[in-house]
Structure formats: C-alpha cells, structure tokens
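Heads up, the thing below is written out as structure tokens.
Numbering (the numbering used here), first residue to last: 297 to 753.
If you want it as structure tokens, here you go:
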C-alpha cells in the first residue's frame, strides 16, 4: 500500500512538476518580452556585478572548485572554532559532575544509584552536549548565512544535473549539506523536496555524509595513522587530504545509492528543478543567528539528549555488571569478535559502534573504556595516549582504514532514526534507513579486508 501510494503520488508530482515548469517558463518568457518592450537600460544587465559573480560561481570550470573550497572552509571554521568552547564546556559540565557526586555522597545515597545517575546518565549527557553543541552552534549559523546570502540556490543549480543523472532531485544537495552538521537536521530539511519518492531517496541517503558527531573519530584515527600523532604543517595537510578523501567517498555513495534506489524500490521520473536564482543580499545577522540556533541547533540537541540519557544508563550497567571475571561489555565483545574480525575489525570496535547508537560522539570513549576495562566513559587526554592504547590492542593500518570506512558508512544514530520515523511515519522506511548503510559499511570493510589479505598487505 505504501509503495502504491508513493508511486501514485510521484506520478501526480511529476505531472504537476511538468505543468509547473511550462507555466513558470511561459510567465518568465512573457515577462521578459514585456520588459524589453517598455524598459530602457543604461547598461546591459549582464554587466552587473551580480551577473558577473553568477557566471563565476555557476560555471562548469570554477563553480565546483569554489563550492568545495567554501565547504572545506566551513568545515575548518567549524572544527577549529569549536575546539576551545567544546573543551571549556566539557570542563564545566564535568566539574558539575564532581559536585553532583559529592551531593549524592553527602546524602548517603547507595553507590549504585549515584553511579547509574552520575557516571552513567549525566556523564554521557555531558559528553554529547559538549561535543555536539559547539560545532552545531558554528556550522548551522554559517550554513544559514549562506542561505540568506543567496548562495545555496547556486549550489543546488550546480549539483542539479548530477542528481538528475541519479534520478533524484537537485534540492537533495541542500539536505546533504545540512547533513554535514547533523544528519537528523538533514532528514528534517528534506521537507523542501515536494516529490514523495525523491524525498525518501534524500532521507535514506543522508547518512552517507559524515555529521559533526563522526568527525572526532575520523580526525583522530586519520591523524594517528597518517602522521603518527605529530603536528607538522605537511602532516596536517595529509590529515586534511585523508578527511577530504573520506568525505568524497561518502558523496560517491550518496549518488550511487540514490541511483540504486531510483532504479529499484523507488522507481519513477525525476522532477525538474525550477529555480529562480535570488539576488545576492546582505544577511540579517541577528534573525539568522536566532533561527539557526533555536530552530536547528537546539531542536537537534534536544532529540540527542532525549535518547542519550537512557543510553548512558545502559552503558554504565553493562560496564559495571560482571559475569565471572569480566563485565558484560567484555563478554559481548568476545561473542562478536569472530564476526567482526571477518570484516577487519574486532569485537570491542563493533561493540563500541553498537553502544554508540545514541550518539556517534561517544564511540571513541566507549572503545577506550572497553579496552581499559574502566567503569565509565573515558576522556582522550592526547592522541599519543590513544595511539598507544590502540596499538596495544592489535590495531594496524588495515584496522584504521576499516574503522574510517565503518564510521563513515554505518547505521544512523538514534536521533536520526527517530527523525526518519517522524518524517516518514513508517517503520518500514526507518528499518531500511538502518539496514541500507549497515550493509554498505560491512560490504566495504569486507572488500577492503579481503583484498588486503589476498595481496598480503
């Protein structure tokens, strides 16, 4: 029934889109003819600075490089600008954790109660908030300023023909860009796509662009195994190149999976993108800041906190409940280890990603907690310390590559899955949104692992 509804709705949408294209085309043609008859211009419109700038940013030669450089610049500002506030926020929240623990002890509460509520629930919430809030508070305003400036419609114009080849909608590039900040926000932003079929494609493939929650893992692993933990200028360039390569792999899978969905379960004609490029204008600073922080940042953070709180309790219970000489996390990792090693990972890595379902930010802390047999999430004091722990537990370059690929392609976080369910209203599409990237991640890790072993690398 859902498939039939989507097909019928998509046919109606395609028909309406064709009619809309014809109507809009006729309106612009008549308006242009009338304007030429009654208006006199002192200079040709193509000589205006806006048209000159449009010829630059929408050209085939310079449009894509400018777009990618701007995107990299936003990433750099987001990552570098969020380091200090994220550290300060973490210090403040963890200092409050010590005070809360002292209050519980002063009241004579049992150890399991303050351990569950403070070391489990609160500690996990502090991690999620301190890691998610600063990057989102930087990325979303920057993204909204580009939207208010009038540049984002140019991005959609540039990428439209690539999405058309994948039988998707050009507006998907806007939702994809939003996914770099948060995949849950990217899923919500698919409301701008009118075709039900194309909106589902955008929802199901948004997870293939890494959100800010996955960047700490990607950057840490790439830095350790690309530069050996050192921070020299050329080595920073190598890390940037490695991260850029991971991002382009994600973009490639976005187009590939979009094309595959359009040819199988979501067949249909792609709707054309009727887009009037708005004039460039000066962004309104305070309204844009308010809209991006309230409507996007706090909206996504609220969902993440709602899901991370019970997850923190579960993680604490698994790490503090023992069966024999090992806690439940260790037993679960031992059970998963043969399966995980077939894909070039290990049981602790796979268990960290499973327990990191509420938020990708806590994958590395959970992994450290598991390797060190600690009772709570562990902070990363330095990359050298992290490198030592990983190498001591059998990591190689192949393990690092597989972790990078798995972190990029694996299942969405629970906040994103909740957003998918709310946007689609269907458990079927939510399960597919979980299964599709999971199968892709395991397939890529298996391919890389088997090729490396076949070549003796």
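Note that the Cβ used here is the ideal one computed from N, Cα and C, for glycine as well.
Computed from a prediction, not measured in an experiment: that's the story for all the values here.
task: Give a yes or no on whether the C-beta atoms belonging to residue 670 and residue 629 are separated by under 8 Å.
output: Between residue 670 and residue 629, the C-beta gap is not smaller than 8 Å, which leaves the two residues out of contact.
- prompt: If you drop the 5 nearest sequence neighbours on each side, which residues of the same chain put their C-beta closer than 7 Å to that of residue 448?
  reply: Once the five neighbours on either side are set aside, the close Cβ partners of residue 448 are 442 and 470.
Run of the alpha helix (DSSP H) containing residue 586, from where it starts to where it stops: Taken as a continuous stretch (DSSP letters only), the alpha helix (DSSP H) holding residue 586 covers 581–586.
- prompt: Which of helix, strand or coil does DSSP assign to residue 832?
  reply: Only positions 297 to 753 of the chain appear in this structure, which leaves residue 832 out of reach.
- prompt: Since residue 490 is in the alpha helix (DSSP H), which residue starts that stretch and which ends it?
  reply: Counting along the chain, residue 490 falls outside any alpha helix (DSSP H), and DSSP gives it neither H nor E.
message: Which same chain residues end up closer than 6 Å to residue 378 when comparing Cβ atoms and leaving out the 5 residues on each side of it in sequence?
response: Within the same chain, residue 378 has close Cβ partners 430, 431 and 434.
Residues near residue 485 in its chain [Cβ-Cβ closer than 6 Å; skip 5 each side]: The residues are 471 and 474.
field: Neighbourhood of residue 646 by C-beta distance below 7 Å, restricted to the same chain and skipping five residues each side
entry: Around residue 646: 632 and 636.
- request: Give me whichever residues DSSP pairs with residue 618 in a beta bridge.
  value: Partner(s): 623.
- request: To the nearest angstrom, report how far apart residue 700 and residue 706 are at their CA atoms.
  value: Rounded to whole angstroms, residue 700 to residue 706 spans 10 Å at the Cα level.
- prompt: What's the C-alpha gap between residue 594 and residue 588?
  reply: Straight-line Cα distance between these residues: approximately 9 Å.
message: So, for residue 520: in the same chain, excluding its five sequence neighbours on each side, which residues have a beta-carbon less than 8 Å away from its beta-carbon?
response: Around residue 520: 679, 682, 683, 686 and 696.
- prompt: By DSSP, does residue 738 sit in helix, in strand, or in coil?
  reply: The three-state reading of DSSP puts residue 738 in helix, counting H, G and I together.
- request: Throw me the rounded Cβ distance for the residue 479 and residue 708 pair, which I believe falls under 8 Å.
  value: Sure, about 6 Å apart at Cβ, within 8 Å.
query: When the Cα of residue 396 is compared with those of 409, 384 and 516, which residue comes out closest?
result: Minimum Cα-Cα distance from residue 396 among the listed residues 409, 384 and 516 corresponds to 409.
message: Here's the rule: buried if 16 or more other CB atoms are within 10 angstroms of the residue's CB, otherwise exposed. What is residue 559?
response: Here residue 559 is exposed, its C-beta having fewer than 16 other C-beta atoms within 10 Å.
field: Other residues of its chain near residue 301: CB distance less than 6 Å, five sequence neighbours each side excluded
entry: Unreliable positioning characterises residue 301 in this predicted model, as indicated by a pLDDT of 40, which lies under 50. The coordinate reading is nonetheless provided below. No residues qualify anywhere along the chain.
- request: Could you work out which residue in 640, 364, 739 and 446 is closest to residue 580 when comparing CA atoms only?
  value: For the residues 640, 364, 739 and 446, the minimum Cα distance to residue 580 belongs to 446.
query: Touch check for the segment 489–506 and the segment 536–548: three-plus C-beta pairs under 8 Å?
result: As far as the Cβ criterion goes, the segment 489–506 touches the segment 536–548, which means the pair count is three or higher.
query: Going along the chain, which residues of its own chain have a beta-carbon closer than 8 Å to the beta-carbon of residue 414, five neighbours each way excluded?
result: 393, 396, 397 and 400.
- prompt: Going by the CB atoms, is the gap between residue 742 and residue 639 shorter than 8 Å?
  reply: Contact flag set, yes.
field: Spatial distance of residue 327 from residue 498 (CA atoms)
entry: In a straight line, the C-alpha of residue 327 is about 34 Å away from that of residue 498.
query: In this structure, does DSSP put residue 467 in helix, strand or coil?
result: Coil, per DSSP.
CB of residue 483 within 8 Å of CB of residue 704, strictly: No.
message: Rounding to the nearest angstrom, what Cα-Cα distance links residue 612 and residue 416 in this structure?
response: Linking residue 612 to residue 416 through their CA atoms gives a straight-line distance of about 5 Å.
message: Tell me the DSSP secondary structure of residue 379 in three-state form.
response: Three-state result, residue 379: helix.
task: Starting from the C-beta of residue 551, find all residues in its chain whose C-beta is less than 6 Å away, skip the five residues before and the five after it, and write them out in chain order.
output: Cβ-Cβ distances below 6 Å link residue 551 to 462 in the same chain, with the five nearest sequence neighbours on each side left out; the list follows chain order.
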